[in-house]
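Undergrad:
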Amino acid sequence: MVPALQGTWGTPPPTRGNISRIIGPNNTPKKSATKYNSISTMGRVVGKICIKLRMSTIQPNIEQPVSEEMQLVRRAKRGDDQAFEELVRRYDRNVFRIAQHITQNREDAEDVVQEAFLKAYSNLEKFQEQSKFYTWLVRIAVNEALMKLRRRKPERTVSLDEEVKTEDDSLPREVADWSPNPEQMYNQAQLRDILTRTIQGLPAGFRTVFVLRDVEGLSTEETAQALELSIPAVKSRLLRARLQLRERLNRFFQKRASGDGDQ
Amino acid sequence: MKCSEFLNELTNYLDGALDARTKSELDDHLAWCHNCYVVCDTTRKTIEIYRNSELYELPDDLRARLHTAIMTKCSGQKKSGPAGS
Numbered sequence: 006m007v008p009a010l011q012g013t014w015g016t017p018p019p020t021r022g023n024i025s026r027i028i029g030p031n032n033t034p035k036k037s038a039t040k041y042n043s044i045s046t047m048g049r050v051v052g053k054i055c056i057k058l059r060m061s062t063i064q065p066n067i068e069q070p071v072s073e074e075m076q077l078v079r080r081a082k083r084g085d086d087q088a089f090e091e092l093v094r095r096y097d098r099n100v101f102r103i104a105q106h107i108t109q110n111r112e113d114a115e116d117v118v119q120e121a122f123l124k125a126y127s128n129l130e131k132f133q134e135q136s137k138f139y140t141w142l143v144r145i146a147v148n149e150a151l152m153k154l155r156r157r158k159p160e161r162t163v164s165l166d167e168e169v170k171t172e173d174d175s176l177p178r179e180v181a182d183w184s185p186n187p188e189q190m191y192n193q194a195q196l197r198d199i200l201t202r203t204i205q206g207l208p209a210g211f212r213t214v215f216v217l218r219d220v221e222g223l224s225t226e227e228t229a230q231a232l233e234l235s236i237p238a239v240k241s242r243l244l245r246a247r248l249q250l251r252e253r254l255n256r257f258f259q260k261r262a263s264g265d266g267d268q
Numbered sequence: 002m003k004c005s006e007f008l009n010e011l012t013n014y015l016d017g018a019l020d021a022r023t024k025s026e027l028d029d030h031l032a033w034c035h036n037c038y039v040v041c042d043t044t045r046k047t048i049e050i051y052r053n054s055e056l057y058e059l060p061d062d063l064r065a066r067l068h069t070a071i072m073t074k075c076s077g078q079k080k081s082g083p084a085g086s
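If you're matching them up, the sequences are chains A and B in order.
According to our numbering, the stretch in the first sequence is residues 6 to 268, in order.
According to our numbering, the stretch in the second sequence is residues 2 to 86, in order.
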């Protein structure tokens with residue numbers, strides 16, 4: 006008898022996003038502040054207000070005027086390495102997970118973590134605070150990871166823009182319920198092995214969108230920003246990634262449920 | 002609503018990104034279409050199982066090593082001047 010796991014559905018770890026996390030519809034940048042271009046005549050104080058207004062209208066994903074994250078970024082920009090260290094501490098686990106999901110290689114993932122943070126540090130001045138720092142960092146990490154993947158698999162073109170079949174690749178073929186839950190059918194090591202092998206079979210473009218959106222909990226808009234994709238492209242890839250993963254997992258979980266054994 | 006239409010909206014449905022009317026139409030479809038209900042339920046479980054899986058967690062010793070390496074390189078870069086700009 007395979008021991009049941011302790012975890013249950015619906016209890017995501019606190020560091021990850023929620024499945025229903027959605028950015029509201031009122032995130033369209035406004036142009037109201039851009040007309041204040043004669044700062045010299047309005048005085049320094051008014052100028053500062055204008056800049057603040059402008060910043061707040063072009064940052065659709067930032068809920069607070071100056072987040073704690075952005076305060077750390079600004080301190081780091083002024084040369085405070087402790088602030089940058091805190092940013093490393095906040096996001097190193099996430100960057101490592103993303104990198105390993107993309108590269109599927111631990112050594113490469115370690116390199117990606119180092120290179121991504123180093124690149125972020127070097128280019129901090131260029132970060133214009135128009136998105137969350139984390140989204141910007143993820144963008145750097147994804148690019149680094151894809152470069153690693155290209156070096157390892159030079160025979161294949163690896164790109165987030167690669168065309169993937171759009172017809173029948175995601176349509177459900179097997180529609181059997183999973184019962185009991187997979188976490189009750191397999192022990193932790195078995196389940197991890199199944200999940201790893203299954204997600205590794207997805208094309209890099211789908212895998213990356215799924216990992217950012219569903220594993221790391223970025224919003225659709227943040228995922229689009231991080232990958233430089235349109236929102237419809239993110240949604241389309243996410244749907245197909247989810248359905249393809251479901252279809253592939255079905256082979257394991259349906260089999261057990263129907264009593265065919267797991268070998 | 003056809004099953005293909007339901008599938009097209011599945012991601013928005015699971016993410017709670019639908020207006021009330023469309024969500025209600027999808028709920029109605031799920032109430033009578035067993036296949037779509039199962040696909041929806043197992044897709045939701047797919048997301049949850051990956052989110053809870055703790056694949057590729059960063060071990061503490063490796064984390065400490067990476068952390069030191071990153072900050073050492075950053076510090077070295079500061080001394081030798083900004084790079085890549």
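Cβ atoms here follow ideal geometry from the backbone N, Cα and C, with glycine treated the same way.
The alpha helix (DSSP H) with residue 216 of chain A in it runs from where to where?
TA: Per DSSP, residue 216 of chain A belongs to no alpha helix (DSSP H) and is neither H nor E.
Undergrad: What are the uninterrupted segments assigned as alpha helix (DSSP H) that are 4 or more residues long and contained completely in the stretch 84 to 141 of chain A, given in chain order?
TA: Segments of the alpha helix (DSSP H) lying fully in the stretch 84 to 141 of chain A: 86 to 108, 111 to 127.
Undergrad: Quick one: does residue 42 of chain B have its CB under 8 Å from some CB of chain A?
TA: It does; some Cβ of chain A falls within 8 Å.
Undergrad: Kindly indicate which residue of A:221, A:89, A:120, A:217 has the alpha-carbon position closest to the one of residue 234 of chain A.
TA: When only C-alpha atoms are compared, the closest one is A:217.
Undergrad: To the nearest angstrom, how far is it from the Cα of residue 59 of chain B to the Cα of residue 107 of chain A?
TA: Going by the C-alpha atoms only, they are around 15 Å apart.
Undergrad: Could you list the residues in the stretch 183 to 198 of chain A with a C-beta less than 8 Å from some C-beta on chain B, going in chain order?
TA: From the stretch 183 to 198 of chain A, only 183, 186, 187, 188, 196, 197 have a Cβ closer than 8 Å to chain B.
Undergrad: Considering only C-alpha positions, which residue in the set A:119, A:251, A:135, A:185 is nearest to residue 70 of chain A?
TA: Comparing Cα-Cα distances from residue 70 of chain A to each of A:119, A:251, A:135, A:185, the minimum goes to A:135.
Undergrad: Take the Cβ of residue 30 of chain B as the centre, count every other Cβ of all protein chains shown within 10 Å, and call the residue buried at 16 or more, exposed below.
TA: Result: buried.
Undergrad: Have a look at A:78, A:94, A:211 and flag the residue whose alpha-carbon is nearest the alpha-carbon of residue 129 of chain A.
TA: Cα-wise, what sits closest to residue 129 of chain A is A:78.
Undergrad: Between A:138, A:114, A:84, A:81, which lies nearest to residue 102 of chain A when the distance is taken from Cα to Cα?
TA: Nearest C-alpha to residue 102 of chain A: A:114.
Undergrad: For the alpha helix (DSSP H) that contains residue 8 of chain B, what are its first and last residues?
TA: Counting along the chain, the alpha helix (DSSP H) containing residue 8 of chain B begins and ends at 4 to 9.
Undergrad: So, with DSSP's three-state summary, where would you put residue 233 of chain A?
TA: It is coil, neither helix nor strand.
Undergrad: Reducing DSSP to helix, strand and coil, say where residue 71 of chain A ends up.
TA: Note: residue 71 of chain A maps to coil in three-state DSSP.
Undergrad: Counting only beta-carbon atoms, is residue 117 of chain A nearer than 8 Å to chain B?
TA: It does not: the Cβ of residue 117 of chain A has no partner Cβ on chain B nearer than 8 Å.
Undergrad: Would you mind telling me which residues of chain B sit closer than 7 Å to residue 105 of chain A, beta carbon to beta carbon, in chain order?
TA: Within 7 Å Cβ-Cβ: 57.
Undergrad: Cα separation between residue 100 of chain A and residue 33 of chain B?
TA: If I take the Cα positions, the gap works out to 43 Å.
Undergrad: With DSSP as the reference, label residue 33 of chain B as helix, strand or coil.
TA: Correct three-state label for residue 33 of chain B: helix.
Undergrad: With 8 Å set as the bound, which would you pick, yes or no: does the beta-carbon of residue 2 of chain B sit closer than that to a beta-carbon of chain A?
TA: False, the Cβ-Cβ gap to chain A never drops below 8 Å.
Undergrad: So for residue 254 of chain A, helix, strand or coil by DSSP?
TA: Residue state, collapsed to three classes: helix.
Undergrad: So with Cβ pairs under 8 Å, would you call residue 51 of chain B a contact of chain A?
TA: It does; some Cβ of chain A falls within 8 Å.
Undergrad: Take residue 121 of chain A and list the residues in its own chain whose beta-carbon comes closer than 8 Å to its own, dropping the five residues that flank it on each side.
TA: Only 100, 104, 142, 145, 146, 149 meet the Cβ criterion.
Undergrad: Looking at residue 10 of chain B and residue 23 of chain B, is the spacing between their C-beta atoms short of 8 Å?
TA: Yes, these two residues count as a Cβ contact at 8 Å.
Undergrad: Report the three-state DSSP secondary structure of residue 51 of chain A (helix, strand or coil).
TA: With a pLDDT of 42 at residue 51 of chain A, under the threshold of 50, the modelled position of that residue is not reliable, and no figure is offered here.
Undergrad: Flag this pair as yes or no: are the beta carbons of residue 80 of chain B and residue 123 of chain A separated by less than 8 Å?
TA: No, the pair does not count as a contact, with Cβ atoms beyond the cut-off.
Undergrad: Which residue comes first and which comes last in the alpha helix (DSSP H) that contains residue 194 of chain A?
TA: Note, residue 194 of chain A: alpha helix (DSSP H), 193 to 205.
Undergrad: Counting only the same chain and skipping the five closest in sequence on each side, list residues whose C-beta sits under 6 Å from that of residue 181 of chain A.
TA: Answer for residue 181 of chain A: 259, listed in chain order.
Undergrad: Along chain A, in chain order, which residues have C-beta atoms closer than 8 Å to that of residue 75 of chain B?
TA: In chain order: 86, 89, 122, 123, 126.
Undergrad: Going by C-alpha to C-alpha distance, which of B:4, B:2, B:12, B:3 sits closest to residue 244 of chain A?
TA: When each option's Cα is compared against that of residue 244 of chain A, the closest is B:12.
Undergrad: How about residue 94 of chain A and residue 88 of chain A: are their beta carbons less than 8 Å apart?
TA: No, the Cβ-Cβ distance between residue 94 of chain A and residue 88 of chain A is not below 8 Å.
Undergrad: Just to confirm my understanding: we take residue 213 of chain A, look at its own chain, exclude 5 residues before and 5 after, and list those with CB closer than 7 Å. What are they?
TA: Within the same chain, residue 213 of chain A has close Cβ partners 107, 147, 165, 232.
Undergrad: Beta-carbon separation of residue 200 of chain A and residue 44 of chain B under 8 Å?
TA: Against a cut-off of 8 Å, the Cβ pair of residue 44 of chain B and residue 200 of chain A comes out as no contact.
Undergrad: Take residue 205 of chain A and list the residues in its own chain whose beta-carbon comes closer than 7 Å to its own, dropping the five residues that flank it on each side.
TA: For residue 205 of chain A, where only same-chain residues beyond five positions count, the Cβ hits under 7 Å are 109.
Undergrad: Is it the case that the Cβ atoms of residue 119 of chain A and residue 71 of chain B are separated by a distance below 8 Å?
TA: Yes.
Undergrad: For residue 27 of chain B, which residues from the same chain have a beta carbon less than 8 Å from its beta carbon, with the 5 sequence-adjacent residues on both sides left out?
TA: Within the same chain, residue 27 of chain B has close Cβ partners 2, 7, 10, 14, 19.
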